[in-house]
Structures are given as C-alpha cells and as structure tokens.
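**Q**
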Amino acid sequence: MLKSLLLLLLLANTASAQTPVATPTEPLRLALSAVMLGEQQEMLLRWQNYLATHLQRPVVFVQRRSYREMIDGLAEGKIDAGWICSVPHLRYPNAQRLLAVAVWQGKPLYQSYLIVPSSDKTTQSLADLRGKSFAYSDPESNSGRLIPDVEVQRLGAQAKTFFSKTLFTYSHRKSVMAVADGLVQGANVDAYVYAQLARFQPDLIARTRLVSQSPEYGFPPFVASTQLPDAEVRQLRAVLLGMTGDAEGRALLAYMGLDGFIAGDEKLFAGVVALMKELEQYEKITR
C-alpha cells in the first residue's frame, strides 16, 4: 500500500514539473487615436515590435477615432491600454488607471498652441478670432478643445456663439491641415504633435503661424484598463519606463521625439482639473 502511494506521488510530481507555467498568449491590445500619433504607421510598427519583444507576447495597436471610443473600449475590456488625453482620464476613472506619462523636452508637460494660416498677419490672440471659423481636435481634448473654450469664456463669451463655425477633425494633424489649407481660420493643437509635424512635414507647418502658447499641463497619459490584471500592468509599465535602458529603446524614443516615460502621478493633471471646474462653473451660470 505504501509503495503504491509513493508511486502515485512520484507520478503527480513528474506531471506537475512538466506542466508549463501559464503566460498570456492573447495579444496585448493598445489603442491610439489619430488625435495623438495614431497616423504615424512606421513609428507604430517599430513600437509594436519593441513591446512584443520585451513583453514576450503579441502586441496589436487598435485604432479608434475618438477618445470616447477609446474609453468605451477600455471600460468593456476590449482594449488593454491606450494613449489618451488628461480630460477623459479624469472624467472616467472607473474605466482606466494611470500607467505612465511621457517626458518631452525634459518634462512630463506640454502646451496647447493657437495657430492660424501663415497668410494671416494680424491675429495676435484668440480674441481676434471672434466671428471666425475654428477647428477642434476632439470633444474631450485638453489642448484641442478645453483650453480654447476656457479662454473664450474668459473673454466673457461662449464658444458656440463666439466662433462663426466650428468643426471636429479628430486629429491634431488634420487640424493643422485645416488651418494650412484655409478651411478654418484658427485652431488649438497639441504642441508635441505640432513639433513632430515640424520634423516630418515642415512644408505643412510652414503654411501656419504660431500665435500663442498656453501654460504647461501634464502630458497626455498612457493608461491601462481597470480590467487588465495587476501583473500585466506592472510588466507593461516596466517596459515603457525601461525604454531608456537599451539602445533600441532610446532610438525609438528619439524617433518619437520623446525623452522617455515615467510612472507619473495624478498631481500632474491638477491644472486640467482646474480648467474643467472653471468651465463647468461658467456653464452653470450661463445656462
């Protein structure tokens, strides 16, 4: 009887030793919208290969038109992580959590640029665009929607009547194009994206003129779905933060125009919180 029991234990231990440890085999789904860098296909391919190699699992980039579509995907578990804006990050805390923040020009901060066509030699501020056409990037963009709307209200007006016409491009690049082509007379765009376009499409930027720059705000965050297991969140964060630690990662960051990623914290977005509260209070008063 004892020999039989020992044999069973031996067989069980052998089977256990031969069973591989479970690891994620499903692709990690990372979302980008065209509002950020979703249109730079070469960059995405290089980044995809880098992440897949260091995570040791397949990685796919999922394109979404708007930040709201990205939030819905994160909330439903159809997207594992994504690069969004601080406004949807702050508005929908149950759908996602902070994963990392990019460092650009030495700081995890960026600005919003007010631009007009290069042929416009007179506009000196947003006040000069009263009664003119204007392009927004995304309904929930800080640099492309919230900042100009707050500035308009500080002028004692409302965006819906201040501009003669507004449109959403769902892409900072397309907002720049709309201004350059004269389709609209002004737009607020992400300074980082504008700088990237200056590197890769200087002829496009040459057809615009930078009028003013906003104060600095926390850089658009990289977030993870609240449904993504903690271990996978930690692993992805470690890979992003570790990009400065190897030659390939540094080369990719240089191509992206970034210094690296840091873990960051919610205090970075205090300025955006203040803008959201200011706009909300004004809208309550003017209803």
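Those letters in the sequence shown? Residues 1249 to 1535, per our numbering, in order.
Every residue, glycine too, gets a C-beta built ideally from N, C-alpha and C.
1) Buried or exposed, going by whether 16 or more other CB atoms sit within 10 Å of the CB of valine 1308?
2) On the criterion of 16 or more Cβ atoms from any shown chain inside 10 Å, does arginine 1312 qualify as buried, or is it exposed?
3) Locate the alpha helix (DSSP H) running through isoleucine 1510, then write down its first and last residues.
4) Rounded to whole angstroms, what is the Cα-Cα separation between glutamine 1289 and glutamate 1388?
5) Near leucine 1501, which residues of its chain fall below 8 angstroms by C-beta distance, leaving aside the five closest residues on each side in sequence?
6) Please state whether DSSP places asparagine 1342 in a helix, a strand or coil.
7) On a Cα-Cα basis, can you pick out the residue from Pro1306, Ala1329, Arg1305, Ala1443 that is closest to serine 1473?
8) Counting Cβ pairs closer than 8 angstroms, one from the segment 1415-1432 and one from the segment 1293-1306, do we hit at least three?
9) Quick check on proline 1536: buried or exposed, where buried means 16 or more other Cβ atoms within 10 Å of its Cβ?
10) Would you please state the rounded distance, in angstroms, between the beta carbons of serine 1334 and phenylalanine 1517? I believe it to be under 8 angstroms.
11) Could you tell me whether any non-hydrogen atom of the ligand PLP is closer than 8 angstroms to the CB of glutamate 1274?
12) Is it the case that the Cβ atoms of valine 1351 and phenylalanine 1470 are separated by a distance below 9 angstroms?
13) Would you call aspartate 1397 buried or exposed, if buried means 16 or more other Cβ atoms sit within 10 Å of its Cβ?
14) Given a cut-off of 9 angstroms on the beta-carbon distance, is the pair asparagine 1436 and isoleucine 1363 in contact?
15) Would lysine 1413 be called buried (16 or more neighbouring beta carbons within 10 Å of its own) or exposed?
16) Let me check one thing: in DSSP terms, what residues is serine 1281 bridge-paired to?
17) If you measure between the beta carbons of arginine 1457 and serine 1360, is that distance less than 9 angstroms?
18) Using 9 angstroms as the threshold, is the C-beta distance between leucine 1484 and leucine 1280 below it?
**A** The relevant details are as follows:
1) Position 60 of the sequence shown, counting from 1, holds the residue named residue 1308. Looking at its Cβ environment, which holds fewer than 16 other Cβ atoms inside 10 Å, valine 1308 is exposed.
2) Taking the sequence shown and counting its residues from 1, the one referred to as residue 1312 is at position 64. Buried: at least 16 other Cβ atoms inside 10 Å.
3) In the sequence shown, counting from the first residue as 1, residue 1510 sits at position 262. Here isoleucine 1510 belongs to no alpha helix (DSSP H); instead the beta strand (DSSP E) covers 1508-1510.
4) In the sequence shown, residue 1289 corresponds to position 41, counting from 1. In the sequence shown, residue 1388 corresponds to position 140, counting from 1. Those two C-alpha atoms are separated by around 24 angstroms.
5) The residue given as residue 1501 occupies position 253 in the sequence shown. Cβ neighbours of leucine 1501 beyond the five flanking positions: Met1491, Thr1492, Asp1507, Gly1508.
6) If you number the sequence shown from 1, residue 1342 lands on position 94. In the structure shown, asparagine 1342 sits in coil (DSSP, three-state: anything other than H, G, I, E or B).
7) Counting from 1 along the sequence shown, the entry for residue 1473 is found at position 225. Among Pro1306, Ala1329, Arg1305, Ala1443, the Cα nearest to that of serine 1473 belongs to Ala1329.
8) Counting Cβ pairs under 8 angstroms, fewer than three are found: no touch.
9) The chain is shown only over 1249 to 1535; residue 1536 falls outside these bounds and no answer can be derived.
10) By one-based count along the sequence shown, residue 1334 stands at place 86. By one-based count along the sequence shown, residue 1517 stands at place 269. Yes, serine 1334 and phenylalanine 1517 are in contact; Cβ-Cβ is about 5 angstroms, under 8 angstroms.
11) This structure does not include the ligand PLP; it has no bound ligands of any sort.
12) Walking along the sequence shown from the start, residue 1351 turns up at place 103. Walking along the sequence shown from the start, residue 1470 turns up at place 222. Not a contact, by the Cβ cut-off of 9 angstroms.
13) Stepping through the sequence shown from its first residue, residue 1397 is reached at position 149. Its Cβ being crowded by 16 or more others within 10 Å, aspartate 1397 is buried.
14) As a first step, residue 1436 must be located in the sequence shown, where it is residue number 188. As a first step, residue 1363 must be located in the sequence shown, where it is residue number 115. Cβ distance < 9 angstroms, so asparagine 1436 and isoleucine 1363 count as in contact.
15) To locate residue 1413, count along the sequence shown from 1; it is residue 165. Flag for lysine 1413 reads exposed.
16) By 1-based counting over the sequence shown, the position of residue 1281 is 33. For serine 1281, the beta-bridge partners assigned by DSSP are Arg1312.
17) Numbered from 1 along the sequence shown, position 209 holds the residue referred to as residue 1457. Numbered from 1 along the sequence shown, position 112 holds the residue referred to as residue 1360. It is not a contact, given that the beta carbons lie outside the stated cut-off.
18) Residue numbering aside, residue 1484 sits at position 236 when the sequence shown is read from its first letter. Residue numbering aside, residue 1280 sits at position 32 when the sequence shown is read from its first letter. Not a contact, by the Cβ cut-off of 9 angstroms.
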